[in-house]
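With the first letter of the sequence shown counted as 1, position 28 gets the number 28 in full-length UniProt numbering; the numbers rise by one all the way through. In what follows, a single structure is set out as structure tokens and then discussed.
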Amino acid sequence: MDKDRIKGSATRTGGKIKQAAGHLTGDTKMQTEGKMDQAKGKAQNAVGSIKDALKK
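What follows is the structure in structure tokens.
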């Protein structure tokens, strides 16, 4: 498993937590940042998947 997949999953999870915290506190900026982190993590995970496929 490529390290980008691991980092991407961690970033995505952190984004979900940040989005939920923003929702609970009513902080729309934090919610938006959480959504952006999730997208970044998803992209990073995809890069890792491609790297894994190329290694085979």
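Cβ coordinates follow ideal geometry from the N, Cα and C atoms, glycine included.
query                                                                                                                                                           : result
Using C-beta distances below 7 Å, list every residue in its chain close to His23, excluding the 5 sequence neighbours before and after it, in chain order.      : Gln31
Looking only at its chain, what residues have a beta carbon closer than 6 Å to the beta carbon of Asp52, apart from the 5 residues adjacent to it on each side? : Asp2
If you follow the alpha helix (DSSP H) that Lys29 is in, where does it begin and where does it stop?                                                            : Thr28 to Lys55
Using only the alpha-carbon positions, how far apart do Ala39 and Leu54 sit?                                                                                    : 23 Å
So which of Lys16, Gly26 and Arg5 has the shortest CA-CA distance to Asp37?                                                                                     : Lys16
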